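Before any comments, here is the structure.
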Amino acid sequence: MDQHLIVFIAVAEKQNFSRAAEELHMTQPAVSQYIQAFEREVGTRLLERSNKYVRLNKAGEIVYHHAKEILGLYTKMQRFVDDATNKASGPISIGASYTFGEYVLPHIIARMLDQYPLIHPSVAIGNSREIAELVLGHQMDVGIVEGDYRNKKLNIEAFDEDRMYIIMSPKHPLAKLPEKVKMSELEQASWIVREKGSGTREATEQLFRRLGIAPNKKMEFGSTQLIKESVEAGLGISLLSQWAIRKELSMGALQTLDADEVPFIRKFSIVTLSPYNTKALDTFLDLVRANK
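Under our numbering, think of the first position of the sequence shown as 35, with each following residue one higher.
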């Protein structure tokens, strides 16, 4: 593996020669020499330097993006070579959307490590769009995304369904209605929604279209946990996965709302880039598919 790429990526991410040297267990002069040699090889300066910071310039951003892809491909190649003669073992990088990653994935990983202790997973959590982009950029081996995600460059496999419910505080005015809520009442309510790019936000917008409503009162939060706390505090209502609200429903902190088109059904999908998987990744995928 090209050490120049490794050093360059470390400096770009740490934005500091000293911190990059510490991470790489090198001296600062050695790091500087690697960067200078790499810039000569590329034929242009890649970093803007000052006494306070080190930042990528335009050329540096281009090189950084491709360097990450190159190292990702090299790592994947090495895993395939190792797999040729060994059983399921080694690292796998997993990306997952918030709902699946925070409420389902930990249980799958626990079962995997119990059966295959030589597999070493690393996990990144983000919204569905972010996870798919990491897989596309060779920075994740596999992603789990929510909703009807489409990308012609990725292999996408729907493997399970997720039931989503409108939730509210037991003290919310809609919780005291004697019958099914009316569309006008849903439209006038304050909604707490996830950020754009999130599978949960996509599902919420689809539900609005199916119900024929366009709520004006919307607050956008970037965390499922924050949404649950806010709904419990009475700030509004929201649409969340069954996986995310199990504890709160059992404790009586939240309750579901009876309305048309609810529960809303969406898909969980596996996204990969390469048709070839390591034994470790195949093992993980088998466990994901079996988790129904």
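A virtual CB, placed ideally from N, CA and C, is assigned to each residue, including glycine. Here the structure is a predicted model, which is why all the values come from computation and not from measurement.
Buried or exposed by the 16-neighbour rule on C-beta atoms within 10 Å, applied to residue i
i       : result
Val-115 : exposed
Thr-61  : exposed
Leu-184 : Going by the sequence as given, residue 184 is Arg instead of Leu. Exposed, by the Cβ-count rule.
Ile-87  : According to the sequence shown, residue 87 is Tyr rather than Ile. So Tyr-87 counts as exposed.
Ile-126 : buried
Ser-284 : exposed
Leu-80  : buried
Gly-286 : exposed
Tyr-98  : buried
Helix, strand or coil at residue i [DSSP, three-state]
i       : result
Ala-158 : strand
Pro-63  : helix
Ala-287 : coil
Asp-175 : coil
Ser-275 : strand
Leu-58  : helix
Tyr-199 : strand
Asp-194 : strand
Lys-281 : helix
Glu-82  : strand
Lys-205 : coil
Lys-301 : strand
Leu-211 : coil
Ser-131 : strand
beta-carbon residue i near the ligand SAH non-hydrogen atom, thresh 6 Å
i      : result
Val-41 : You won't find the ligand SAH in this model; it holds no ligand whatsoever.
Same chain only: Cβ atoms within 6 Å of residue i, ignoring 5 sequence neighbours per side
i       : result
His-172 : Glu-103, Gly-106, Leu-107
Ser-52  : Gln-62
Residues that DSSP places opposite residue i in a beta bridge
i       : result
Lys-252 : Trp-225
Pro-125 : His-154
Asn-189 : Thr-306
Supposed close pair residue i, residue j - CB separation, criterion 8 Å
i       : j       : result
Leu-274 : Met-198 : 6 Å
Thr-109 : Ala-278 : Not quite, the Cβ-Cβ distance comes to about 32 Å (not below 8 Å), so this is no contact.
Glu-180 : Gly-233 : 2 Å
Leu-39  : Ala-101 : 5 Å
Close beta carbons around residue i, own chain, < 8 Å, minus the five adjacent residues each side
i       : result
Phe-242 : Ala-248, Pro-249
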